[in-house]
Amino acid sequence: MAHRLMNGRLMNGPLAAAAVAATAVLALAPTQASAAPVPQPQAATAENLAAAGRTAAAPDTLATLSRFFAREGKVSLAAAQPRIEGGAVPVHYLSPEFVAGKPGAGVARLEFLASKAVSSDGQQAALWTAQTAAGWQVVNIATGDDEFRYAQLGAAKLPGGTVFREPQIDAWYVAGGDRVLPLDEDAATAVGAQGTSLAAYRARVVKAYGDKLPGSAYGKSGKAGGFAPTEATATAAEASGPATGLPMTAGAVALALGAAGAVAARRVRRQRVVRA
102 MAHRLMNGRL MNGPLAAAAV AATAVLALAP TQASAAPVPQ PQAATAENLA AAGRTAAAPD
162 TLATLSRFFA REGKVSLAAA QPRIEGGAVP VHYLSPEFVA GKPGAGVARL EFLASKAVSS
222 DGQQAALWTA QTAAGWQVVN IATGDDEFRY AQLGAAKLPG GTVFREPQID AWYVAGGDRV
282 LPLDEDAATA VGAQGTSLAA YRARVVKAYG DKLPGSAYGK SGKAGGFAPT EATATAAEAS
342 GPATGLPMTA GAVALALGAA GAVAARRVRR QRVVRA
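Residue numbers for the sequence shown follow our numbering, so the first one is 102 and each next one is one higher.
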């Protein structure tokens, strides 16, 4: 079975193959990548959060985390001693239904639940956990602490709001009522330091991505972009080094709206492909 680290995220089996195939399409070929449905949890209920936490803390997951943290020699395999800190948190992304103007669609949709992993030398990673046909599984490992840091920033800036990411420009926001407020520089560039109205934000994302939805002329034109795996924009030529796997499923990478050029370059902050 193939095992890969995608953008600092560990993948294996069908997901690894799908992600690398999509990588090649986006980076090299004049065709549009396709992606399977995301195995999302239906809701961030207490039961689901607890299940995600148990999956993240399972012995097999911790063993894989040891290999993940040791992959670049920053810490030895034996010394990594990963641990899970705190409970799982819901992670939302910009909703394609919102962009498409589907009645009742919220600005963001729940993509996965994330648990924070920390190694003995202080490295941090997010375990992306989703409810798949095979049950609860870790579907990605992401370097850094974005999911948790922005959740805290959003709760402080707009209590009760929904924190979400616009993956096309790697921007994080918090939305509540009729307001969308930025949580990082990319978001502030997009909507202004003081944020914008929900209607104005939708007008912006419709302009940016509305013609790149499934079935659009853009999507049928053979251009890279449209809806494609969010994390599949690095090139397969960057692959090198060892990795070991967790149980994964195809389509676990969150669906994104169109992205190319400078946007893809901006995402390199958390991206790398490593082939086993």
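Don't be surprised by glycine CBs; every beta carbon is placed ideally from N, CA and C.
Checklist entry - At what residues does the alpha helix (DSSP H) containing Gln-253 begin and finish? => result Segment 247 to 258, the alpha helix (DSSP H) holding Gln-253.
Taking Gly-188 and Leu-150 to be in contact with their CB atoms under 8 Å, please state how far apart those CB atoms are, rounded to whole angstroms. 6 Å
* What runs of the beta strand (DSSP E), each 3 residues or longer, lie entirely inside the region 173 to 212? -> 184 to 195
### Query
The beta strand (DSSP E) spanning Ala-288 covers which residue range?
First-last for Ala-288: 286 to 292, but that is the alpha helix (DSSP H), not the beta strand (DSSP E).
Following the continuous beta strand (DSSP E) through Leu-228, name the residue where it begins and the one where it ends.
-> 225 to 233
Could you compute how far the alpha carbon of Tyr-302 sits from the alpha carbon of Gly-277? 12 Å
**Asked** First and last residue of the beta strand (DSSP E) that includes Pro-283?
**Response** It spans 280 to 283 - the beta strand (DSSP E) in which Pro-283 sits, taken as one unbroken run.
query = Near Ala-289, which residues of its chain fall below 7 Å by C-beta distance, leaving aside the five closest residues on each side in sequence?
reply = Pro-283
Same chain, Cβ closer than 6 Å to Val-192, five either side skipped, listed in chain order | Glu-212, Phe-213, Ala-215 and Glu-248
(Q) Assuming the contact rule is C-beta atoms closer than 8 Å, Lys-203 and Asp-246 should be a hit. Round their C-beta distance to whole Å, please. (A) Rounded, the Cβ-Cβ distance is 32 Å, inconsistent with contact.
Does DSSP classify Ser-221 as helix, strand or coil?
coil
message = Using 8 Å for Cβ pairs, my map puts Thr-230 next to Ala-145. What's the rounded Cβ distance?
response = About 11 Å separates the two Cβ atoms, so there is no contact after all.
Requested in this report: Mark Ala-300 as exposed unless 16 or more other C-beta atoms lie within 10 angstroms of its C-beta, in which case mark it buried.
Outcome: exposed
If distances are taken between C-alpha atoms only, which option among Asp-285, Asp-287, Ser-167 and Ala-294 comes closest to Gln-225? Ser-167
How far does the beta strand (DSSP E) with Ala-276 in it extend, from its first residue to its last? 272 to 277
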